Amino acid sequence: MTYNEVMGGRAPIRMWADPAEVEPQVMQQLRNVANLPWVQGVAVMPDVHHGMGATVGSVIAMRDAVSPAAVGVDIGCGMTAVKTSFRVDNLPDNLAYLRSKLEQAVPVGFGNHKRPVDPTKLHGLKTADWAGFWKDFDTLAPAVHPKRERAEVQMGTLGGGNHFLEVCADDEGVVWVVLHSGSRNIGKELAEFHIGQAQKLPHNQDLPDRNLAVFVGGTPQMDAYRRDLFWAQDYARRNRAVMMALVCDVLRRHLSGITFEQPISCHHNYVAEERYDGVDVLVTRKGAIRAGSGEFGIIPGSMATGTYIVKGRGNAGAFNSASHGAGRRMSRSKAKKTFTLADLKAQTDGVECRKDTGVIDEIPGAYKDIQSVMAAQADLVEVVARLRQLICIKG
Numbered sequence: 055m056t057y058n059e060v061m062g063g064r065a066p067i068r069m070w071a072d073p074a075e076v077e078p079q080v081m082q083q084l085r086n087v088a089n090l091p092w093v094q095g096v097a098v099m100p101d102v103h104h105g106m107g108a109t110v111g112s113v114i115a116m117r118d119a120v121s122p123a124a125v126g127v128d129i130g131c132g133m134t135a136v137k138t139s140f141r142v143d144n145l146p147d148n149l150a151y152l153r154s155k156l157e158q159a160v161p162v163g164f165g166n167h168k169r170p171v172d173p174t175k176l177h178g179l180k181t182a183d184w185a186g187f188w189k190d191f192d193t194l195a196p197a198v199h200p201k202r203e204r205a206e207v208q209m210g211t212l213g214g215g216n217h218f219l220e221v222c223a224d225d226e227g228v229v230w231v232v233l234h235s236g237s238r239n240i241g242k243e244l245a246e247f248h249i250g251q252a253q254k255l256p257h258n259q260d261l262p263d264r265n266l267a268v269f270v271g272g273t274p275q276m277d278a279y280r281r282d283l284f285w286a287q288d289y290a291r292r293n294r295a296v297m298m299a300l301v302c303d304v305l306r307r308h309l310s311g312i313t314f315e316q317p318i319s320c321h322h323n324y325v326a327e328e329r330y331d332g333v334d335v336l337v338t339r340k341g342a343i344r345a346g347s348g349e350f351g352i353i354p355g356s357m358a359t360g361t362y363i364v365k366g367r368g369n370a371g372a373f374n375s376a377s378h379g380a381g382r383r384m385s386r387s388k389a390k391k392t393f394t395l396a397d398l399k400a401q402t403d404g405v406e407c408r409k410d411t412g413v414i415d416e417i418p419g420a421y422k423d424i425q426s427v428m429a430a431q432a433d434l435v436e437v438v439a440r441l442r443q444l445i446c447i448k449g
């Protein structure tokens, strides 16, 4: 589909979703954003749904300003995928055993490593300058300094909610590893601290939603936020790289002869400095990936509906962006009231995964149809591969 342009703000709202099918409260959030004086434009992805302050599935370009809530509290959350040399026919019959070994290597939920992972001992890990990265922790907001030990032992952990680790197969029968995670507790702590700081500033006192509070360029508050933001984005990238290295080590031990291609990785809660129509802007993608021309991205559905590896088409009208997934169609609380354990087992049939009440809120039925989402953004991305889940690990 091509986009729908919606009026109602100072800046244009371009929607790759049907406005008639978007909840009124979500439309109001979009108009609130578009009315901010710093906004250059808003692009809305087909997986759009309600979020804190700014909607999930929105791309916001601001002139010399940024709203921390338009990034989200899981700074740098995103995806990494690796294609392997292995074929699905050669996998062991007992995928439950392989799943258990992966869960032993990568802590999930509130779990963490007993001691920090030593990146120098991980096979093939490309990320460098770990000493400099941790040294920079001391420059972050003093409010998070007591969280350093936790940040160290959470490096290389999955988390809970919609974060996942999967072994998949593409339509050619080739095995892939896919994971979804972010900056863990330290990213959340930094985000919440800076949202609180922004809400105190005089220019944010008359906003329609206090969660849309912004920092503006040339101020110490903006400088402090950008410093902490970019560090947290780096933490998220490194977190996924460490997890992928741990996973690949497990697979090398249990799948003889397996090798791995270069990883594809993308944030979908982050800020980037970009330029459109001759204007330098800060682009926040909250539940959206960058999809510049020829750039690889990853768009997952839910825990049993597949994942798409894509290439961006470089659509400037969408600020070179695409959706980050299927997007929720109902809240977690509503999903728990709507679906039963029998529903979960039926909807995840054929996938080696948890089938207990603790993950009912992640049931496929709680998410939008991923095929419809992909069809709505055919002018944003080109599908390179379609993956189906064999093993799905959630926190």
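With the sequence shown counted from 1, adding 54 to any position gets you the numbering used here.
Beta carbons are placed, not taken as given, at the ideal position from N, Cα and C, and that holds for glycine.
A quick note: this is a predicted structure, and the numbers were derived from the prediction, not measured.
Query                                                                                                                      : Result
Chain-order list of residues whose beta-carbon lies under 8 Å from that of L179 (same chain, five-residue window excluded) : P173, A295, V296 and A299
Between the CA atoms of W188 and V80 - distance to the nearest angstrom                                                    : 39 Å
4-residue-minimum alpha helix (DSSP H) runs that sit fully inside the segment 270-317, ordered along the chain             : 274-308
L233 in three-state terms, based on DSSP                                                                                   : strand
Segments assigned beta strand (DSSP E), at least 3 residues, entirely inside the segment 313-393                           : 318-321, 323-330, 333-340, 342-344, 350-354, 361-366 and 375-377
Any non-hydrogen atom of the ligand PLP within 7 Å of L434 CB                                                              : Ligands displayed in this structure: none; no statement on the ligand PLP is therefore possible.
Continuous beta strand (DSSP E) stretch holding G111: start and end                                                        : V110 to M116
Test item: CB-CB of P354 and M133 under 8 Å                                                                                : yes
Residue nearest to K365 in terms of C-alpha spacing, selected from S347, T359 and H378                                     : S347
contact_flag[the segment 229-238, the segment 278-295] where n(CB pairs < 8 Å) is 3 or more                                : yes
Same chain, Cβ closer than 8 Å to G404, neighbours up to 5 away in sequence not counted                                    : A358
D143, DSSP secondary structure in three states                                                                             : helix
Cα-Cα separation, V335 to V270                                                                                             : 12 Å
Beta-carbon proximity list for R202, same chain, < 7 Å, skipping 5 on both sides                                           : F191
Inter-residue CB distance, E315 and V136 (contact presumed, cutoff 8 Å)                                                    : 6 Å
Those residues which DSSP pairs with C222 across a bridge                                                                  : W230 and Q443
Nonlocal neighbours in the same chain, by C-beta distance under 6 Å from G163, ignoring five residues either side          : G214 and G449
Distance CB(A108)-CB(K340) smaller than 8 Å                                                                                : yes
Coarse secondary structure for D397, derived from DSSP in three states                                                     : helix
Q158, buried or exposed, once every other Cβ within 10 Å from all chains shown has been counted against 16                 : exposed
Three-way DSSP call (helix, strand, coil) for H177 in this model                                                           : coil
Rounded Cβ spacing between L266 and L145 (contact assumed at less than 8 Å)                                                : Not really, about 48 Å apart at Cβ, beyond 8 Å.
N148 versus A223: straight-line alpha-carbon distance, rounded                                                             : 16 Å
Residue of Q425, Q82, K390 and T402 minimising C-alpha distance to D415                                                    : K390
Rounded Cβ spacing between E406 and R141 (contact assumed at less than 8 Å)                                                : Not really, about 17 Å apart at Cβ, beyond 8 Å.
Chain-order list of residues whose beta-carbon lies under 6 Å from that of R85 (same chain, five-residue window excluded)  : G62 and G63
Boundaries of the alpha helix (DSSP H) in which M428 is found, first to last residue                                       : I424 to A430
Rounded separation between D260 and W92 - CA only                                                                          : 14 Å
Nearest to I343 (by Cα), restricted to the options G332, L305 and N323                                                     : N323
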